[in-house]
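*Asks:* One structure, pasted below without further comment.
There are 2 protein chains.
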Amino acid sequence: GWGWGAPGRRSLVFSDLTEHEYTQVRNYMWRQSNLKISHNKFAVPAENFIFLIDLLLPNKSDVLQYLDAGGKEPPRQASVVVFYGTQGVIKEYVVGPLPEPTFHTDVTQKKYGGDLHINSRPVTMGEYLLLFVFIHKNIFSKLSILLEESFGVSGNKTLKPFESMPRGARSGDRHTWISFFRDYSGMYIHPVGLEVLINHASRNDSQWTVDKLFYSGHYYDSVEELSKKYEAGDIDKIVYKPMLNYASLKPRTKALQVGPQQYYTQGPRFIVENNRVSYLDWSFAFGLSSLTGMRVFDVRFKGQRIIYELSVQEAMSVYGSVTPGMMLTKFLDSSIGIGRFAHELVRGVDCPYAAEYVDTFRYIDTSAPQRFRNSICIFEHDAGRPLRRHFSDFFHNSYGGVANSVLVFRSITSIGNYDYMWDFIFYQSGSVEAKVHATGFISSSFKVAGSMLFGHQVAENTIGNIHTHFISFKVDLDVLGVNNIFLTKDMEYKEVEVPWLQKTRAKIPHLVERQLATEQQAALHYGTKIPRYLHIASNQTNRWGHQRSYRLQVFSFTGDHLPESEPVEKSMSWARYKVAITKHKDEERTSSSLYSQNNMWSPAVDFSRFIEDNENIENQDLVAWITTGFLHIPHAEDIPNTVTVGNGGGFLLRPHNYFDEDPSINSPDSVYISP
Amino acid sequence: GWGWGAPGRRSLVFSDLTEHEYTQVRNYMWRQSNLKISHNKFAVPAENFIFLIDLLLPNKSDVLQYLDAGGKEPPRQASVVVFYGTQGVIKEYVVGPLPEPTFHTDVTQKKYGGDLHINSRPVTMGEYLLLFVFIHKNIFSKLSILLEESFGVSGNKTLKPFESMPRGARSGDRHTWISFFRDYSGMYIHPVGLEVLINHASRNDSQWTVDKLFYSGHYYDSVEELSKKYEAGDIDKIVYKPMLNYASLKPRTKALQVGPQQYYTQGPRFIVENNRVSYLDWSFAFGLSSLTGMRVFDVRFKGQRIIYELSVQEAMSVYGSVTPGMMLTKFLDSSIGIGRFAHELVRGVDCPYAAEYVDTFRYIDTSAPQRFRNSICIFEHDAGRPLRRHFSDFFHNSYGGVANSVLVFRSITSIGNYDYMWDFIFYQSGSVEAKVHATGFISSSFKVAGSMLFGHQVAENTIGNIHTHFISFKVDLDVLGVNNIFLTKDMEYKEVEVPWLQKTRAKIPHLVERQLATEQQAALHYGTKIPRYLHIASNQTNRWGHQRSYRLQVFSFTGDHLPESEPVEKSMSWARYKVAITKHKDEERTSSSLYSQNNMWSPAVDFSRFIEDNENIENQDLVAWITTGFLHIPHAEDIPNTVTVGNGGGFLLRPHNYFDEDPSINSPDSVYISP
Ligand SMILES: [Ca+2]
Ligand SMILES: [Ca+2]
Ligand SMILES: [Ca+2]
Ligand SMILES: [Ca+2]
Ligand SMILES: [Cu+2]
Ligand SMILES: [Cu+2]
């Protein structure tokens, strides 16, 4: 192995593809003339299109050979997703070696055990453009009176669409409800009361149809029916009223003196070298997947690996509404791409001024790699409270304490209306924290009869609909190597005789420890009694004879998970479990997939299958899948934006008998005062 | 009423007594020659002693008359606790008016509905001194060989005592197990294996007895029995080994460059005037009770009162052990005094350098008021993440965000081994957060047969025993006046017909709201299913027609509360409930009492009685009693000190339809960027 401070070259095994590598892979694929891949970034559904190029992470055993045992560097390869509009299939390829590819292997069957239905693909920019054209031609142009009278649409004033998912009720469906909003910044909280159901299942857009409309609380079978009834006055009309843009984020107040600012008065105490960060006793590699988002690998404390992988997996929301656009809405963001929307971070608001900012490159739904400037920030932050301290005025007078200065690794992904803020935080006491906060705009619906069963009114005619936020994380802890066990600890009152008192019994707390043997025992369902302490442990012991472990402490305010009887639940079965432990498999990389959103009924990845075989998890390479989140009942204060305060979740990975004493005993930030 | 920014004079109605006022009250009491009160700060139990002088908070209705309705200033009065060793009673007096008292009224009967048993008093410094003398004379001097051979006691090397509670098994008992520790800084994690049970129930210390001893895992009936058996070699001997002080908090590492530091580059944005703090839209009065600790009153946002009182009430721990000193241990810290131990805060560790530090004065277990320098700190802190933000690159390109700069109001109380850090945090979005973190030394026991059922070994021969932390807070929200209701909101899946699909049904989340009518309905037991959203609401509505409310969001990791069948449970019955709502009464000021610890079997305050009468809570002045905390299974990393990371609890008070939109829309910290 190699210790802290060693050059970060080996971390490149985890690094995202470079701009050059993306281009090389794309060019290689384009050169395969038999694949007939369009070069148009707005390729239409009938064409063949490279939707995604991303790093193919090498198999773990190969990486460990390389990092720990002098093995050779695993070949660098890309994963490429092609939508074959000409044939109606999706294929996934391994393309390599980089940077000069010489082969492409179709791994679709191997990876998914079958074909990928073409309509399980996300909607591309090319398809969106067609949808916009379709809407204008087939809806807007036929409803101009209604649009003007109801929504003030005229001249260059228009409406903006927001789509909901899933797109139908069974595999292959591609019927999307699109709701319309005022053409304002923050459109998401300006619903106007018009929603349309478009069937775009065909890859030939001339076959698309308007299947249903919803206007002012009523359904219509066709644009013509709506238009006719509207003009006949046979209808509840919405009457346009001009309105200030309450969604505007423009300051209403002049800046006062600035608030407190943090400075590295003696320079930063961390280094970013390629994709490796070193900070005091910590070091880790990092990357940003276009689909799943932020991730770190090979996380070491004092040179010892603790975490092989810590990564965001999925962000899911289930909505309730009386309006059709939102009635069945269930968003699975990794199908759109979570990391894809990691945009530039703003100094002084998103991260401190003095943070280090890192650019990322991605190739998703495009025809050329894109650079996202300052899309990751890394900074040391004074948490504003002591990490630990004790003041003594009994017998011995003294004070000892350590400031709680932490390293924060952050990205923020703005997926349409919502902004999720992702933090991995590294503490001097050997803990790592993953946190997610939600901010940005809520999704809203136009107020109609029955709306109040699903939320509160939050603005003029606008309902903030009740919804859940469930977030999936993957945590591959390796506690002193890959062979670990899963332990639980908790308390239990047991009655004992009090030895020095006659005939006196008392209930006193006992420590109760259990080792869980199988995946199904270790699948800890939300809503069941879960032991309070959960540990990934080694059979190696610390100085005091205890199994060295890291504890998982989950902070969660989730609502109820969708009942398992619902046909779409399979696509989000990871959310059943607060924590589930599986035996590591290279084939079980993610709890969700690119294809889950658009084929929820037969998802390419159903997490619950990982534990269906109920493997033994004793002295195995264990992976923890953690679900956190919160129930969101929007309220007036969600306007204009949901605040991060109280709207999030996360978990701590804490050493528990991993060390022989608190490692912050060696912190350079210790202070001691004697009288 | 008076608005934000108005002079803080009226806040003095909540201010702690001044040094001068304490002295005046003491002198007045001392002048009452018939009371025969000792002037000795180490008065013995047989004497009469002023244990406590503290502010008597005026009745709420009088304060509201004064603050809101031009009523006259309530008279300023003190609450005085006298231990009458000569008569064997405790009396509580109201003494006033301040600063020149002319009367003292015994309110004991009125307040407690009966006498206070003299042995329900906490142990005073005077009694401790007698106990130390007793131990030396009756134990140490008779065991010098054992002490030297087992513990290295000789010359000026000695052992230090740590006592456990409760002191016996029934009302009137005063039998205390005292465990001995090495005479090191951080003694609490250096148990030596000797514990003694001293009966000090008599106010005449010549009647005190050693009732039991515990040495090396075995019980002895008398010092003589232990001494005889030890000398006969008829015993498992502990053999002294010198040991480094692993409890030392002295830095082992040279300071590196300093970590990030926060500065008010343009000066602080808050003002502390007497006991009132003003910060942007916030203002509040504050105080520090010797018994219950930190508290704020009359908390206003934009001049509108939201909280009448937010205060710490109690910190309780229940331990498990095979050793007698800790087997039955249940600590109720407000009986010792939580605020009493709010010591000086260290700049740069306990609070930022630039914080404002406030002195406090107290009169508890003393003969003259004491000044505690810099025992409260107040600072603005950049939380290091946005309060809210949105990045838009769909249709409209723009960015809007607000830095999350908050005001922190803090004290840290070191009660023997533990240090509790108390924070009240004020957000620009109208939220207030209360947080408590534990740090300092764990309580530990010497390792003997059976120890491992109750914890882990954390150091040489040292067990960190399993224990609970339960913290009680009082929150008297007044949402647009005192007449409020208690609402719950949550989600529920209900099956509906999907209007646009034939014969298709789907389960979708509905908003479920309930108004709870009585105290017992609103006593939300831990371990039961509790609605996710809890609201103190007004019947006044916001612009959108919703009841204006503040939501209580509790962060808690508590262990199991002591079974109600245990006789001592009455003294901590507040811990049954995560949240309990009562109708405000001036007679129900605190969830615990000074006398709870030393008379757990018949406590002066049993919180569960507040709700026994099951009063109606509709349109009443409501008080929320919140319990938070965490289960602590100590591990090696608790040495030398428990870290604050993950070891705490708290709650948020969040506006929920209280405003018409997020009030941070007016923050001076807003940033907006357009392309
Ligand atoms: Ca499996
Ligand atoms: Ca593992
Ligand atoms: Ca009552
Ligand atoms: Ca109230
Ligand atoms: Cu939300
Ligand atoms: Cu503890």
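Protein chains in written order, with our numbering: chain A, 888 to 1562; chain B, 888 to 1562.
Even glycine gets a Cβ: it sits at the ideal position worked out from N, Cα and C.
Being a predicted model, the structure only gives us computed values, none of them experimental.
Would A:THR1326 pass as an interface residue toward chain B - the criterion being a Cβ-Cβ separation below 7 Å?
*Replies:* By this cut-off, A:THR1326 is an interface position.
*Asks:* Could you name the residues of chain B that A:ALA1142 contacts, counting a contact when the two beta carbons are closer than 7 Å?
*Replies:* Those within 7 Å of A:ALA1142 in chain B are PRO1555.
*Asks:* Taking 7 Å as the threshold (beta carbon to beta carbon), is A:LEU1518 in contact with chain B?
*Replies:* For A:LEU1518, the answer is yes, since a Cβ of chain B falls inside 7 Å of its Cβ.
*Asks:* Helix, strand or coil for A:ALA1393 per DSSP?
*Replies:* A:ALA1393: strand per DSSP, three-state reduction.
*Asks:* Quick check on the DSSP output: the beta strand (DSSP E) that includes B:ILE1022 runs from which residue to which?
*Replies:* Counting along the chain, B:ILE1022 falls outside any beta strand (DSSP E), though it belongs to the alpha helix (DSSP H) covering 1012 to 1025.
*Asks:* Check each candidate in A:TYR1150, A:ASP1002, A:GLY975 and name the one with the smallest Cα separation from A:TYR1240.
*Replies:* The option with the nearest alpha carbon to A:TYR1240 is A:TYR1150.
*Asks:* Where does B:THR1300 land, buried or exposed, given buried means 16+ other C-beta within 10 angstroms?
*Replies:* Result: buried.
*Asks:* Report the rounded CA-to-CA distance for B:SER953 versus B:ARG897, giving the unit in angstroms.
*Replies:* According to the sequence displayed, residue 953 of chain B carries Tyr and not Ser. Straight-line Cα distance between these residues: approximately 8 Å.
*Asks:* Residues in the segment 1076 to 1109 of chain B with C-beta within 9 Å of chain A's C-beta atoms, listed in sequence order?
*Replies:* For the segment 1076 to 1109 of chain B, which is checked against every Cβ of chain A, the residues closer than 9 Å are LEU1084, ASP1098, LYS1099, PHE1101, TYR1106.
*Asks:* Leaving aside the five residues before and after B:PRO1386 along the sequence, list all residues of the same chain whose C-beta is less than 6 Å from its C-beta, in chain order.
*Replies:* The answer is none, since no qualifying residue turns up.
*Asks:* Among residues of its own chain, excluding the 5 on either side of B:SER1135, which ones have a beta-carbon nearer than 8 Å to its beta-carbon?
*Replies:* Correct list, in chain order: TYR1071, SER1072, GLY1073, PRO1527.
*Asks:* Count the CB pairs spanning the segment 1445 to 1452 of chain B and the segment 1353 to 1362 of chain B that are closer than 8 Å, and state whether there are at least three.
*Replies:* Touching, yes.
*Asks:* Could one say the Cβ of A:TRP1566 lies closer than 7 Å to chain B's Cβ atoms, at least one of them?
*Replies:* This structure cannot speak to residue 1566 of chain A, because chain A is shown only from 888 to 1562.
*Asks:* If you follow the alpha helix (DSSP H) that B:LEU1113 is in, where does it begin and where does it stop?
*Replies:* Segment 1110 to 1118, the alpha helix (DSSP H) holding B:LEU1113.
*Asks:* Whether or not the segment 1531 to 1549 of chain A and the segment 1328 to 1345 of chain A are in contact is what I'm after, with contact meaning three or more pairs of Cβ atoms, one per stretch, closer than 8 Å; do they touch?
*Replies:* Contact between the segment 1328 to 1345 of chain A and the segment 1531 to 1549 of chain A is absent, because fewer than three Cβ pairs lie under 8 Å.
*Asks:* Quick check on the burial criterion: 16 or more other C-beta atoms within 10 angstroms. Buried or exposed for B:LEU1175?
*Replies:* Label assigned to B:LEU1175: buried.
*Asks:* Ordered along the chain, which non-local residues of its own chain (more than five positions away) have a Cβ less than 6 Å from that of B:LYS1047?
*Replies:* Excluding sequence neighbours, B:LYS1047 sits near PHE1068, ASP1070, MET1074.
*Asks:* Taking 7 Å as the CB-CB limit, is B:VAL1145 close to chain A?
*Replies:* By this cut-off, B:VAL1145 is an interface position.
*Asks:* So A:GLN919 packs on A:GLU987, CB below 8 Å; how close in whole Å?
*Replies:* About 15 Å; that fails the 8 Å criterion.
*Asks:* Anyone know if the C-beta pair for B:VAL1199 and B:GLY1212 falls short of 7 Å?
*Replies:* Cβ atoms of B:VAL1199 and B:GLY1212: not closer than 7 Å.
*Asks:* Among B:SER1554, B:ASN1486, B:PRO1542, B:SER1561, which one has its Cα closest to the Cα of B:GLY1055?
*Replies:* Nearest of B:SER1554, B:ASN1486, B:PRO1542, B:SER1561 to B:GLY1055, Cα basis: B:ASN1486.
*Asks:* Check whether the Cβ of B:THR1469 lies closer than 6 Å to any heavy atom of ligand 3, and answer yes or no.
*Replies:* Indeed, a heavy atom of ligand 3 lies less than 6 Å from the Cβ.
*Asks:* Specify which residues have a beta carbon nearer than 5 Å to any heavy atom of ligand 2, listing them in chain order.
*Replies:* Going along the chain, the residues that qualify are A:ASP1363, A:ASP1365, A:ASP1508, A:LEU1509.
*Asks:* Between the segment 1217 to 1230 of chain A and chain B, which residues of the former have a C-beta closer than 8 Å to a C-beta of the latter?
*Replies:* Correct list: HIS1230.
*Asks:* Evaluate contact between the segment 1247 to 1260 of chain A and the segment 1512 to 1527 of chain A, counting only Cβ atoms and requiring at least three cross-stretch pairs below 8 Å.
*Replies:* The answer is no - the segment 1512 to 1527 of chain A does not touch the segment 1247 to 1260 of chain A, with fewer than three Cβ pairs under 8 Å.
*Asks:* Kindly indicate the opening and closing residues of the alpha helix (DSSP H) around A:MET916.
*Replies:* Here the alpha helix (DSSP H) through A:MET916 covers 906 to 918.
*Asks:* Looking at C-alpha atoms only, which residue of B:LEU1131, B:SER948, B:THR973, B:PHE1266 is the closest neighbour of B:CYS921?
*Replies:* Looking at the sequence itself, residue 921 of chain B is Asn, so the reference to Cys does not match. Nearest option by C-alpha distance: B:THR973.
*Asks:* Assuming B:VAL976 and B:LEU1003 form a contact by the criterion Cβ under 8 Å, report the distance between their Cβ atoms to the nearest whole angstrom.
*Replies:* So it is a contact: roughly 7 Å between Cβ atoms.
*Asks:* When DSSP labels each residue in this structure, what does B:ARG1061 get in the three-state scheme?
*Replies:* It is coil, neither helix nor strand.
*Asks:* Can you tell me whether DSSP reads B:PRO1078 as helix, strand or coil?
*Replies:* Residue state, collapsed to three classes: strand.
*Asks:* Check the C-beta distance from A:ASN1371 over to A:SER1425 and give it rounded, since I have them as a contact under 8 Å.
*Replies:* Confirmed, about 6 Å.
*Asks:* Can you pull the DSSP bridge partners for B:ARG1541?
*Replies:* Looking at the DSSP assignment, B:ARG1541 forms a beta bridge with B:ARG1438.
*Asks:* Just to check, is the beta-carbon of B:GLU1502 closer than 6 Å to a non-hydrogen atom of ligand 3?
*Replies:* True, at least one ligand heavy atom lies under 6 Å from that Cβ.
*Asks:* Within the continuous beta strand (DSSP E) that includes B:VAL1289, where are the two ends?
*Replies:* Here the beta strand (DSSP E) through B:VAL1289 covers 1283 to 1302.
*Asks:* Count the other CB atoms, across all protein chains shown, that sit within 10 Å of the CB of B:GLN1153; report buried if there are 16 or more and exposed otherwise.
*Replies:* Exposed, by the Cβ-count rule.
*Asks:* Can you give me, in chain order, the residues of the segment 1262 to 1274 of chain B that have a beta carbon less than 9 Å from any beta carbon in chain A?
*Replies:* Within the segment 1262 to 1274 of chain B, the qualifying residues are PHE1266, GLU1267, HIS1268, ASP1269, ALA1270, GLY1271, ARG1272, PRO1273, LEU1274.
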